[in-house]
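Chains as they are written, first to last, in our numbering: chain A, 7 to 120; chain B, 24 to 138.
Structure below.
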């Protein structure tokens with residue numbers, strides 16, 4: 007069975023500061039990993055995904071994440087936070103072809119302090 | 024705009040009733056997924072259809088059922104509704120997986136309130 011743990015249900019950072027959202031996964035097979043963002047009253051938008059091609063994955067809006075197998079982690083970072091980054095972020099894992107369902111973490115609400 | 028449409032946007036109904044949620048996938052996508060987002064359970068996978076056939080089942084209650092039609096749109100039917108069924112229901116779609124998991128694109132969701 008696969009699972010995702012997101013450490014910190016709420017994270018606050020100052021505008022211009024580093025954003026770091028933590029995600030650890032558990033999977034019995036090589037995982038596919040995703041970060042989605044959800045703005046208020048909207049659906050989920052894909053930020054980036056890891057599909058074993060490269061361990062450092064760049065996504066939209068300046069976000070990136072690094073797959074670390076030894077730490078079973080896939081943390082999301084952005085060098086400089088912007089007010090528009092305030093949202094809820096979800097890490098998700100999939101086993102891939104034949105079992106594409108996404109298993110989500112509990113989410114991290116990111117607040118940006120002006 | 025992801026290209027996935029869901030109707031209705033909001034639905035308010037009473038306990039014991041039955042409702043149908045509709046999803047139209049992105050053009051060309053054959054897979055449709057349904058997810059439930061609630062405060063106590065978080066985001067949970069319910070069911071997946073691929074080109075009209077059920078492909079995977081998650082934590083879907085027996086009171087819930089789904090189908091995918093020949094034009095690839097999907098409907099999620101919820102019956103004998105309970106207060107605890109109040110949630111945001113998302114549909115997502117993706118192209119056929121070809122060895123590398125394709126991205127699931129999410130619709131805006133249907134917010135169901137059971138009174």
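Ideal placement from N, C-alpha and C gives every residue a C-beta, glycine not left out.
Model, not experiment: these values are computed from the prediction.
Since residue i meets chain B, which of its residues come closer than 7 Å, beta carbon to beta carbon?
{"i": "residue 48(A)", "result": "131"}
{"i": "residue 55(A)", "result": "126"}
{"i": "residue 96(A)", "result": "66"}
Would you call residue i buried or exposed, if buried means 16 or more other Cβ atoms sit within 10 Å of its Cβ?
{"i": "residue 87(B)", "result": "buried"}
{"i": "residue 136(B)", "result": "exposed"}
{"i": "residue 46(A)", "result": "exposed"}
{"i": "residue 92(B)", "result": "exposed"}
{"i": "residue 117(A)", "result": "exposed"}
{"i": "residue 66(B)", "result": "buried"}
{"i": "residue 81(A)", "result": "buried"}
{"i": "residue 48(A)", "result": "exposed"}
{"i": "residue 84(A)", "result": "buried"}
Taking 8 Å as the CB-CB limit, is residue i close to chain B?
{"i": "residue 80(A)", "result": "no"}
{"i": "residue 73(A)", "result": "no"}
{"i": "residue 106(A)", "result": "yes"}
For residue i and residue j, which I take to be in contact (beta-carbon distance under 8 Å), what is that distance rounded to the nearest angstrom?
{"i": "residue 106(A)", "j": "residue 33(A)", "result": "Contact doesn't hold; Cβ gap of about 13 Å is too wide."}
{"i": "residue 98(A)", "j": "residue 10(A)", "result": "6 Å"}
Could you confirm whether any beta carbon from chain A is found closer than 8 Å to the beta carbon of residue i?
{"i": "residue 66(B)", "result": "yes"}
{"i": "residue 56(B)", "result": "yes"}
{"i": "residue 71(B)", "result": "yes"}
{"i": "residue 110(B)", "result": "no"}
Residue i versus chain A: which residues are under 9 Å apart at the beta carbon?
{"i": "residue 113(B)", "result": "49 and 50"}
Determine the chain A residues that contact residue i at a beta-carbon separation under 7 Å, and present them in chain order.
{"i": "residue 127(B)", "result": "108"}
Residue i touches chain B at which residues, Cβ-Cβ below 9 Å?
{"i": "residue 113(A)", "result": "65 and 66"}
List the residues of chain A that residue i touches, going by C-beta distances under 8 Å, in chain order.
{"i": "residue 25(B)", "result": "49 and 51"}
{"i": "residue 81(B)", "result": "107"}
{"i": "residue 117(B)", "result": "106"}
Determine, using beta-carbon pairs with one atom in the region 36 to 49 of chain A and one in the region 39 to 46 of chain B, whether at least three such pairs fall under 8 Å.
Contact between the region 36 to 49 of chain A and the region 39 to 46 of chain B is not established, with fewer than three Cβ pairs separated by less than 8 Å.
Are the region 61 to 72 of chain B and the region 88 to 107 of chain B touching, with three or more C-beta to C-beta distances below 8 Å?
yes
Count Cβ pairs between the region 105 to 116 of chain B and the region 58 to 66 of chain B that sit closer than 8 Å; are there 3 or more?
yes
Below 8 Å, how does it come out for the region 63 to 70 of chain A and the region 82 to 91 of chain A: are there three or more Cβ pairs, yes or no?
Below 8 Å, enough C-beta pairs join the region 63 to 70 of chain A and the region 82 to 91 of chain A to call them touching: three or more.
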